[in-house]
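**Q** In the UniProt record's numbering, the protein residues as written are 1 to 564.
Just so you know, even glycine gets a beta-carbon here, dropped at the ideal spot from N, CA and C.
Next up is a structure, given as structure tokens.
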Amino acid sequence: MPHSNSIYRGRRAIGKHILPACSSDLIADRAPATRTSIMMLKSVDAARTSWPLPTSDSPHRYLPPELLIEIFARLHPEKRDEIHYLHVCSAWRTLLLKTAEFWVDMLRIPSIMVYEDRPPTDIDIEFANTFMERSASLDIDVTVHISPKLTPAAFASRSQRILSLVLYIESQYAADFFQVLTTGMPHLRQLVVHHKYEGLNHPPRFPSETTKLIRTASFALPSLRDLRIPFAFLAPGLANSSLRTLAMGGCYCSDCIGSSVTLDTILTFLEKCPSLEDLHIKEEGRKPHVSSRSPVALPSLRKLALGGDDFWSSNFIDIPAILRHLTLPADIAVKIRYPYSDQTYIPPMRELPIVSLLDRLYVRFIKARGYKIVKVEGWIADATKIDLESRMYSHPGHDTVDQLVNTFGSQIVKDLEIWVSGPGVYKEMGLRGGVEQLLRGFPSITRLKVRRQRPDELFVALASVSRAGVPICPDLKELVVHWKLAPGTTVFEEDFWSVFDRIESTLLQRASKGHGLARFVFRCEDIQRLKPAVPPEELKQRLLVKLSSVAEEVVVNAYIETKV
């Protein structure tokens, strides 16, 4: 019976093969080292331990070519890059490239793959060329790192059959790249360009003729649906009414920062893409732009992302200007990574139709790496529609709560969650004294959850009433409070229980006016800071007795340490 097994690099199976039933006859005619090597191939456990670190003296390096080809003929690749896992030696890979049976399965995965994180080696080039030759009658996907040995011209002959093209390319190959595009790619559905650059201070490498080509070239790409491209490569001719997904920017090199792309350029490009469903404008190192253009309507847009993929590396982008110049549908989902600003935490989003429809809001105040960060997530039903993250190095002197209320305050919001990550953030971001103001911005909430801050001010706010004597947030039915005792402090019993005296009196007072709670949940964390110490279960029971009458349902938990 044939023996089924796997070849491993490290502890990972990279392909399955079946050694022939006559392998014993082959072994009989081989030298001892060869017999040992074949046995290694037949043993999964031995392969796991012996395969990862071959040396020049490893016996399996001496297998004769005809036997290797017989083995490789029984490999069945399942992923396009499996050839790169066979790092025993270049001779093995060369033989593998010449094994026709191996390509039967490889061509069922119609995609060229050359490492994107380094220039291609000679073996990579040979693999790419072999793939080109053997897949001449197939539609293919191409992912390639452009280099002197593998230029865009290398796949120009296959341009009519390329479905997806993902390039890792440096500026000096831009002209060749655009020349290939001008030949026309009638079946190309996805074009992704990753700009490889040497650093921020590297001089621009686009010659004037390349810039002219980018600005004036026309491209026959009627099937293009997905375009992701840095600003230096943003040719007007790439704008296409068939585009559904567009990502632009994201590179800091001199060519991208110094390119002629302006807000007007971006808007003109978008105007030619009326069917866009997903738009991402990434960060780039430009000063704010001014445009006199009228807003561009994108009626089919479902997702809009502004700012970089990596929040911590975000550069400046004029998000307010972009928002002012787009007319967006009411049900769009918006994701914003707002970079450092001297004036505000929150970009002007109030005019976005989606903001006035949100019924659930989650606001987080965080301090990390020296930045003060505001995160806002908003939902309609269970669908996320707003995802805002904004950072600031120092508080600008503006009222953070005022900005939040002016932007997101609404009678539509029914569910509000607030998380303050620590007492330092509470003070430094101007939140002290702002809880009542924040709650008044959301007068119709029925559920409120507040986490990680001492709750005194919350219950002072909940005790306040209007001129008509109506409590703040009169429809509130569910209240969830998480209190984490402040790190590095000691909370004495008298102070601790005074907080619960306030909680009890406030909630009973609201109930007496017809605004009682249906459910109250209280969670206390880091109670090891409480002096004298009280076991969690004992504290939980005492709190239940204390708070049993403040709502129809009361849930209390106490933890020695912080819970996520």
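Is the number of C-beta pairs between the region 322–338 and the region 373–387 that are closer than 8 Å three or more?
**A** Counting Cβ pairs under 8 Å, three or more are found: they touch.
**Q** Would you mind reading off the limits of the alpha helix (DSSP H) that contains Lys196?
**A** For the purposes of this step, residue 196 is identified with residue 196 of the sequence shown, where counting begins at 1. No alpha helix (DSSP H) contains Lys196, which DSSP labels as neither H nor E.
**Q** For residue 577, which three-state DSSP category applies?
**A** For the chain, the structure presents residues 1 to 564; residue 577 sits outside this window and is missing.
**Q** Assign Val555 to one of two classes, buried (16 or more other C-beta atoms within 10 Å of its C-beta) or exposed (fewer than that).
**A** For the purposes of this step, residue 555 is identified with residue 555 of the sequence shown, where counting begins at 1. Val555 is exposed by the Cβ-count criterion.
**Q** Give the secondary structure of Phe522 by DSSP, where H, G and I count as helix, E and B as strand, and everything else as coil.
**A** Against the sequence shown, residue 522 aligns to sequence position 522. DSSP places Phe522 in strand when its eight states are reduced to three.
**Q** If we require 3 or more residues per run, which beta strand (DSSP E) segments fall completely within the region 104–146?
**A** Those beta strand (DSSP E) runs which fall completely within the region 104–146 and span 3+ residues are 111–113 and 140–145.
**Q** Under 9 Å, do His187 and Leu167 count as touching if we go by C-beta distance?
**A** Taking the first residue of the sequence shown as 1, we reach residue 187 at position 187. Taking the first residue of the sequence shown as 1, we reach residue 167 at position 167. Their beta carbons are not under 9 Å apart, which means His187 does not touch Leu167 by this criterion.
**Q** Please report the distance separating the alpha-carbon of Asn557 from that of Gln437.
**A** Residue mapping note: residue 557 aligns to position 557 of the sequence shown, counting from 1. Residue mapping note: residue 437 aligns to position 437 of the sequence shown, counting from 1. So the alpha carbons of these two residues sit roughly 29 Å apart.
**Q** Tell me whether the beta-carbon of Leu150 lies closer than 9 Å to the beta-carbon of Leu191.
**A** Position 150 of the sequence shown, counted from the first residue, corresponds to residue 150. Position 191 of the sequence shown, counted from the first residue, corresponds to residue 191. Not a contact, by the Cβ cut-off of 9 Å.
**Q** Taking the continuous alpha helix (DSSP H) assigned at Thr210, which residues delimit it?
**A** Along the sequence shown, one-based indexing puts residue 210 at 210. From DSSP, the alpha helix (DSSP H) with Thr210 extends over Ser208 to Thr216.
**Q** What residue does the alpha helix (DSSP H) around Phe500 start on, and which one ends it?
**A** Taking the sequence shown and counting its residues from 1, one reaches residue 500 at position 500. That run of the alpha helix (DSSP H) goes Glu493 to Ser512.
**Q** Do Arg447 and Leu416 have their C-beta atoms closer together than 9 Å?
**A** Walking along the sequence shown from the start, residue 447 turns up at place 447. Walking along the sequence shown from the start, residue 416 turns up at place 416. Yes, these two residues count as a Cβ contact at 9 Å.
**Q** With distance defined between alpha-carbon atoms, name the residue in Met248, Ser254, Cys253 and Arg293 nearest to Asp264.
**A** In the sequence shown, the residue the question calls residue 264 occupies position 264. For Asp264, the nearest C-alpha among the options comes from Arg293.
**Q** Which residue's Cα is closest to the Cα of Asp229: Ser390, Glu538, Ser171 and Asp124?
**A** Position 229 of the sequence shown, counted from the first residue, corresponds to residue 229. At residue 229 the sequence reads Ile, which differs from the Asp that was named. That would be Ser171, whose Cα lies nearest to the Cα of Ile229.
**Q** Do Ala333 and Lys385 have their CB atoms nearer than 9 Å?
**A** Residue 333 sits at position 333 when you count from the first residue of the sequence shown. Residue 385 sits at position 385 when you count from the first residue of the sequence shown. Yes, the pair counts as a contact, with Cβ atoms nearer than the cut-off.
**Q** Measuring CB atoms only, is the region 250–258 touching the region 220–227, in the sense that at least three cross pairs come out at less than 8 Å?
**A** Not touching, per the Cβ criterion.
**Q** Give me the residue from Ala128, Val104, Ser111 and Pro455 with the minimum Cα distance to Ala486.
**A** Mapped onto the sequence shown, residue 486 falls at position 486. If we check each option's Cα against that of Ala486, Pro455 comes out closest.
**Q** Tell me the DSSP bridge mates of Trp483?
**A** Residue 483 sits at position 483 when you count from the first residue of the sequence shown. Partner(s): Cys524.
**Q** Please classify Phe365: is it buried, with 16 or more other beta-carbons within 10 angstroms of its beta-carbon, or exposed?
**A** For the purposes of this step, residue 365 is taken as the residue at position 365 of the sequence shown. The residue in question, Phe365, is buried, as its Cβ has 16 or more Cβ neighbours within 10 Å.
**Q** If you run the structure through DSSP and keep just helix, strand and coil, what is Gln453?
**A** By 1-based counting over the sequence shown, the position of residue 453 is 453. If DSSP states are grouped into helix, strand and coil, Gln453 belongs with coil.
**Q** Quickly, what does DSSP pair Leu167 with across the bridge? List them, please.
**A** On the sequence shown, position 167 is the one that residue 167 refers to. In the DSSP output, where bridge partners are listed per residue, Leu167 has Val144 and Val193.
**Q** Rounding to the nearest angstrom, what Cα-Cα distance links Leu267 and Ala321 in this structure?
**A** For the purposes of this step, residue 267 is identified with residue 267 of the sequence shown, where counting begins at 1. For the purposes of this step, residue 321 is identified with residue 321 of the sequence shown, where counting begins at 1. Approximately 11 Å, taken between the alpha carbons.
**Q** Near Leu301, which residues of its chain fall below 7 Å by C-beta distance, leaving aside the five closest residues on each side in sequence?
**A** Counted from its first residue, the sequence shown places residue 301 at position 301. Excluding residues within five positions, the ones whose Cβ falls inside 7 Å are Leu276, Glu277, Leu279, Leu328, Pro329 and Ile332.
**Q** For the beta strand (DSSP E) that contains Ile281, what are its first and last residues?
**A** The residue labelled residue 281 in the question sits at position 281 within the sequence shown. Unbroken beta strand (DSSP E) run through Ile281: Asp278 to Ile281.
**Q** Of the residues Glu561, Arg432 and Ile109, which one's Cα is nearest the Cα of Val420?
**A** Residue 420 sits at position 420 when you count from the first residue of the sequence shown. Considering only alpha carbons, the answer is Arg432.
**Q** Please state if the CB of Leu213 and the CB of Ala239 are separated by a distance shorter than 9 Å.
**A** Indexing the sequence shown from 1 puts residue 239 at position 239. Indexing the sequence shown from 1 puts residue 213 at position 213. Not in contact: Ala239 and Leu213 (Cβ atoms no closer than 9 Å).
**Q** Classify Ala128: buried if its beta carbon has 16 or more other beta carbons within 10 angstroms, exposed otherwise.
**A** Residue 128 sits at position 128 when you count from the first residue of the sequence shown. Buried is the call here.
**Q** According to DSSP, what are the bridge partners of Asp415?
**A** As a position in the sequence shown, residue 415 is number 415, starting the count at 1. Answer by DSSP bridge pairing, in chain order: Arg360 and Arg447.
**Q** Bridge partners for Leu530 per DSSP, in chain order?
**A** Your numbering for residue 530 matches position 530 in the sequence shown. Leu530 is bridged to Val491.
**Q** List the endpoints of the continuous alpha helix (DSSP H) containing Arg324.
**A** Here residue 324 refers to the residue found at position 324 when the sequence shown is read from its first residue. First-last of the alpha helix (DSSP H) with Arg324: Ile319 to Arg324.
**Q** What is the DSSP secondary structure of Ala21, counted as helix, strand or coil?
**A** Indexing the sequence shown from 1 puts residue 21 at position 21. Residue confidence is low: Ala21 scores 33 on pLDDT, short of 50, so the model does not pin down where it sits. No coordinate-derived value is stated.
**Q** Write down the C-beta distance between Val180 and Ser159 rounded to the nearest angstrom, noting that I regard them as a contact closer than 8 Å.
**A** Here the question's residue 180 lines up with position 180 in the sequence shown. Here the question's residue 159 lines up with position 159 in the sequence shown. So it is a contact: roughly 6 Å between Cβ atoms.
**Q** In angstroms with no decimal places, state the Cα-to-Cα distance between Ser218 and His194.
**A** Indexing the sequence shown from 1 puts residue 218 at position 218. Indexing the sequence shown from 1 puts residue 194 at position 194. One C-alpha to the other measures close to 21 Å.
**Q** Does the distance from the CB of Ile123 to the CB of Lys79 come in under 9 Å?
**A** Counted from its first residue, the sequence shown places residue 123 at position 123. Counted from its first residue, the sequence shown places residue 79 at position 79. No, the Cβ-Cβ distance between Ile123 and Lys79 is not below 9 Å.
**Q** Suppose contacts are defined by Cβ-Cβ distances below 9 Å. Is Val480 in contact with Phe522 by that definition?
**A** Walking along the sequence shown from the start, residue 480 turns up at place 480. Walking along the sequence shown from the start, residue 522 turns up at place 522. Contact: yes.
**Q** Since Thr94 contacts Ala73 with CB under 8 Å, what's their CB separation in whole angstroms?
**A** The count along the sequence shown starts at 1 and reaches residue 94 at position 94. The count along the sequence shown starts at 1 and reaches residue 73 at position 73. Thr94 to Ala73, Cβ: 15 Å. No contact.
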